[in-house]
Amino acid sequence: MASDGARKQFWKRSNTKVPGSIQHVYGAQHPPFDPLLHGTLLKATPKVPTTPVKARRTSTFQEFESNTSDAWDASEDDDELLAMAAESLNTEVVMETANRVLRNHSQRQERRRPPEPPAVPSGDLRLVKSVSESHTSCPAESASDTAPLQRSQSLPHSVTVALGGTSDPSTLSSSALSEREASRLDKFKQLLAGPNTDLEELRKLSWSGIPKSVRPITWKLLSGYLPANVERRPATLQRKQKEYFAFIEHYYDSRHDDAHQDTYRQIHIDIPRMSPEALILQPKVTEIFERILFIWAIRHPASGYVQGINDLVTPFFVVFMCEHIEEEDVDAADVSRVPADVLRNVEADTYWCMSRLLDGIQDNYTFAQPGIQMKVKMLEELVSRIDEQVHRHLERHEVRYLQFAFRWMNNLLMREVPLHCTIRLWDTYQSEPEGFSHFHLYVCAAFLGRWRKEILEERDFQEDASVSMEDSLSDGAQELRASSKRTSWRKAFQARPLCAEC
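Quick note, the sequence shown lines up with residues 1 to 502 if you use UniProt numbering.
What follows is the structure, given as structure tokens:
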């Protein structure tokens with residue numbers, strides 16, 4: 001009790017402010033506050049109100065502590081911090097101050113500019129963290145750079161700038177990108193090197209993309225084809241490959257029977273229409289695709305073979321071939337040079353991984369394709385919530401979602417984006433629990449949002465009725481859509497990449 005009383009008396013005698021109140025700190029390490037930039041942290045001189053106002057509640061120390069508890073937390077995402085800082089500052093004040101500093105700096109540099117700045121050897125690459133540091137630490141070199149500073153250069157850069165050597169932005173960005181890729185590859189290798197792969201961590205790491213060298217093994221793990229235990233994998237591969245070729249021996253000779261000849265004929269017709277043609281039209285690849293699709297159709301009589309399933313084989317086949325082909329562009333690689341036993345293993349792995357994918361979306365290909373109809377309806381509801389303007393625009397012009405989104409669901413956007421973009425997209429799909437069904441809806445919605453401007457500007461969606469999507473639909477879906485108008489407004493999406501990287 002005595003100590004409590006002494007503490008109360010201390011605060012009564014002291015003239016200091018209550019803990020938690022903000023006080024100006026001056027000194028070499030703490031420059032004075034700028035009222036323009038830190039107006040929210042300074043309390044203005046109280047004015048006598050002309051009308052009665054409700055008194056403000058004094059901030060407590062606990063509130064101040066909770067508001068500033070993470071002030072010194074370090075984050076690896078510098079861009080996010082910079083964006084948060086930029087939002088908290090007054091843009092006009094920042095730009096006015098930056099322009100004034102740049103003008104003063106340019107005038108000083110003009111006065112101090114030497115007749116001939118000393119050349120720096122190309123091998124001497126000194127790295128600095130930002131342009132502002134380069135002006136401070138190396139005025140002679142910075143004076144020789146006459147390029148005007150951009151607004152972004154007034155903030156710290158996360159990417160280092162090399163002075164004295166090449167200043168090509170593409171070279172610098174590719175160097176930084178290669179370092180990032182190397183770091184990500186190390187993380188994948190460490191995760192895959194353990195005796196039991198943590199699939200949850202592998203999914204988190206794969207969501208942002210999988211390096212090419214570890215993509216085959218990662219896809220096999222994420223699809224559930226291979227077990228997480230390293231010691232069990234060789235036996236599993238051998239058993240599954242043996243099982244697949246037992247199916248070939250047992251069923252493939254029946255492809256010309258009356259019961260199966262229609263299925264085989266349709267497969268034989270559809271494969272040459274696939275892309276990339278340079279790969280698909282090679283005789284060995286065509287035979288592999290025919291066997292994979294025919295065996296799957298025979299073993300899944302509920303759906304059988306439906307146009308669109310053939311496109312889902314290509315990404316797996318291309319990814320698994322990357323392990324055995326040295327060419328950078330697998331799309332045009334000569335498969336005839338690959339050993340026969342390697343091709344057999346790739347064929348079996350492709351079949352089982354494709355089967356795992358189709359197990360989650362098989363209702364897309366059963367009679368009347370109810371899975372696709374349900375997903376198209378879900379896409380319509382999603383777009384109506386996130387972008388009502390686009391949704392109303394399509395309704396106003398009598399454009400049904402089934403007319404353009406059917407193929408997006410039937411082929412998983414493989415006819416809309418390049419193959420390498422599809423493979424990158426499937427990295428994320430396989431990282432999601434239901435990536436090829438539910439997450440795919442959000443990708444389609446983003447597809448609409450990406451070109452919403454073109455959609456809203458379009459007024460005549462029936463301009464070119466000669467282009468339609470009927471060629472990609474099954475007979476059952478064509479019957480369902482017989483009464484629908486044939487539209488070609490999806491031309492706004494064709495021949496355009498899904499993302500900037502594509």
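For each residue, glycine too, the CB sits at the ideal point set by N, CA and C.
State the Cα-Cα distance for the pair residue i and residue j, rounded to the nearest angstrom.
i, j, result
"residue 297", "residue 304", "4 Å"
"residue 135", "residue 105", "With a pLDDT of 41 at residue 135, under the threshold of 50, the modelled position of this residue cannot be trusted, and the question is left open."
"residue 439", "residue 375", "11 Å"
"residue 339", "residue 194", "30 Å"
"residue 479", "residue 309", "Note that residue 479 scores a pLDDT of 39, beneath 50, so its modelled location is shaky and nothing firm can be said."
"residue 285", "residue 264", "16 Å"
"residue 81", "residue 183", "Reliability fails at residue 81, whose pLDDT of 47 lies under 50, so the model's placement of it is uncertain and the value that follows must be treated cautiously. Cα to Cα, residue 81 sits roughly 22 Å from residue 183."
"residue 260", "residue 320", "29 Å"
"residue 276", "residue 331", "6 Å"
"residue 514", "residue 282", "Nothing about residue 514 can be reported from this structure: the residues present for the chain run from 1 to 502 only."
"residue 437", "residue 361", "6 Å"
"residue 287", "residue 397", "45 Å"
"residue 102", "residue 446", "40 Å"
"residue 306", "residue 312", "11 Å"
"residue 431", "residue 327", "27 Å"
"residue 504", "residue 186", "With the chain running from 1 to 502 in the structure shown, residue 504 is simply not present."
"residue 317", "residue 426", "13 Å"
"residue 197", "residue 205", "12 Å"
"residue 110", "residue 179", "37 Å"
"residue 280", "residue 451", "31 Å"
"residue 428", "residue 218", "12 Å"
"residue 189", "residue 236", "21 Å"
"residue 365", "residue 273", "19 Å"
"residue 50", "residue 97", "At residue 50, the pLDDT of 48 sits below 50, so the modelled position is not reliable; the number obtained from the coordinates is stated separately. Cα to Cα, residue 50 sits roughly 35 Å from residue 97."
"residue 399", "residue 349", "41 Å"
"residue 253", "residue 247", "10 Å"
"residue 215", "residue 423", "10 Å"
"residue 314", "residue 412", "12 Å"
"residue 379", "residue 250", "42 Å"
"residue 333", "residue 325", "7 Å"
"residue 231", "residue 392", "56 Å"
"residue 351", "residue 389", "43 Å"
"residue 199", "residue 421", "24 Å"
"residue 357", "residue 363", "12 Å"
"residue 415", "residue 355", "20 Å"
"residue 191", "residue 458", "49 Å"
"residue 453", "residue 210", "32 Å"
"residue 410", "residue 269", "18 Å"
"residue 241", "residue 441", "33 Å"
"residue 271", "residue 419", "16 Å"
Using CA atoms only, rank isn't needed, just tell me which of the options is closest to residue i.
i, options, result
"residue 359", "447, 219, 224", "224"
"residue 257", "273, 396, 294", "294"
"residue 238", "207, 215, 341, 292", "341"
"residue 300", "236, 435, 367", "367"
"residue 255", "245, 196, 244, 267", "267"
"residue 435", "452, 231, 207", "207"
"residue 387", "422, 456, 200", "456"
"residue 383", "334, 414, 449, 424", "449"
"residue 370", "209, 200, 201, 402", "402"
"residue 460", "410, 395, 413, 409", "395"
"residue 234", "302, 345, 201", "345"
"residue 433", "107, 333, 202", "202"
"residue 289", "107, 416, 343", "343"
"residue 336", "377, 278, 222, 414", "278"
"residue 511", "242, 243, 181", "The requested residue 511 is not part of the displayed model; the chain covers only 1 to 502."
Could you please give the first and the last residue of the uninterrupted alpha helix (DSSP H) stretch that includes residue i?
i, result
"residue 311", "No alpha helix (DSSP H) holds residue 311; DSSP gives it neither H nor E."
"residue 224", "Where residue 224 is concerned, there is no enclosing alpha helix (DSSP H), given that its DSSP letter is neither H nor E."
"residue 422", "419-429"
"residue 294", "283-299"
"residue 371", "370-386"
"residue 355", "340-360"
"residue 406", "401-410"
"residue 446", "440-450"
"residue 202", "199-206"
"residue 279", "277-280"
Since residue i contacts residue j with CB under 8 Å, what's their CB separation in whole angstroms?
i, j, result
"residue 322", "residue 220", "Not confirmed; about 13 Å, so no contact."
"residue 347", "residue 385", "Rounded, the Cβ-Cβ distance is 43 Å, inconsistent with contact."
"residue 404", "residue 372", "So it is not a contact: roughly 13 Å between Cβ atoms."
Please tell me whether, using a cut-off of 8 Å, the distance from the CB of residue i to the nearest non-hydrogen atom of the ligand FMN is below it.
i, result
"residue 381", "You won't find the ligand FMN in this model; it holds no ligand whatsoever."
Open item on the list: Quick check for students: name the residue ranges of the alpha helix (DSSP H) that lie wholly in the stretch 219-265, counting only runs of 4 or more.
Closed with: 233-251
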